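Residue numbers for the sequence shown, in my numbering: 332 to 515. C-beta: ideal position from N, C-alpha, C; glycine also. Just so you know, these numbers come straight off a predicted model, no measurement behind them.
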Amino acid sequence: MRKLKILAKSFYERNPKEVAIKLLGKFLVRKINGKKLIGKIVETEAYFGKEDPASRASIGFPKYVVDALYGEVGLTLIYMVHANWLLNVVAHEKNKAGAVLIRAIEPINFKADTKGPGKLTRALKIDKSLHAKPVYKASSKIYICDNKEKFEIESSKRIGVVKDVNENLRFFIKGNRWVSKLSF
């Protein structure tokens, strides 16, 4: 595999919807015990601030999650839902809030079921100890690298969201077998 170029912090300094789309096809790298596990991001969801009824900012807790949504971009945001850790990356415009949930990856150099946010975090041994880590530094235990590849993108409503905005904020690579749910 060619040398991977880590995405700059500035990549995450824009609207979460745009970041969610642009993250598709990029490589998520997780360093564990001297090994690099690499997966291609195939499914994402965008979340915003208090105006987004599905966002933790709208709910107001847990406080560390709400604070992170308004905080520094390019950091991991990890919290638990239904006994599963969820991996998000903080992404938003200046003086706004937001993050992108990484819903699924396609394993590149390892074998595991990564079709869904909980399965992904279990496969990559991601838990709260990796919260607030920069995904734009090679020294981090988790980072995201560029990948230039052409594919079609599809979108839908976010999965498992009861109160949602009137806009598709879930994005996935069309026809990729690692997407968590193709239709619902």
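- For residue 438, the closest alpha carbon among the candidates 415, 356 and 337 is that of 356.
- By the beta-carbon neighbour count (other beta carbons within 10 angstroms, threshold 16), residue 480 is exposed.
- Using a 10 angstroms sphere on the CB of residue 419, the tally of other CB atoms reaches 16 or more, which defines it as buried.
- With a threshold of 16 other beta carbon atoms within 10 Å, residue 392 falls short and is exposed.
- For the options 452, 509 and 404, the alpha carbon positioned closest to that of residue 466 is the one of 404.
- When C-alpha distances from residue 377 are compared across 345, 402 and 366, the shortest belongs to 345.
- For residue 378, the uninterrupted beta strand (DSSP E) segment begins and ends at 366-378.
- Nearest Cα to residue 339 within the set 475, 397, 362 and 372: 475.
- When C-alpha distances from residue 412 are compared across 436, 385, 423 and 398, the shortest belongs to 385.
- Distances from the alpha-carbon of residue 442 to those of 379, 427 and 509 put 509 closest.
- Counting only runs of 4 or more residues that sit fully inside the segment 411-487, the alpha helix (DSSP H) segments are 448-454, in chain order.
- Counting only the Cα atoms, residue 454 lies some 21 Å from residue 502.
- Excluding five sequence positions before and after residue 450, the CB atoms of its chain that fall closer than 6 Å to its own CB belong to 444, given in chain order.
- With respect to the C-alpha of residue 409, the residue from 426, 335 and 433 having the closest C-alpha is 433.
- For residue 359, there is no enclosing alpha helix (DSSP H); the enclosing beta strand (DSSP E) covers residues 358-363.
- Ranked by how close their Cα comes to the Cα of residue 489, the residues 431, 482, 471 and 506 have 431 in first place.
- The Cβ-Cβ distance between residue 388 and residue 400 falls below 8 Å.
- The three-state secondary structure of residue 508, taken from DSSP, is coil.
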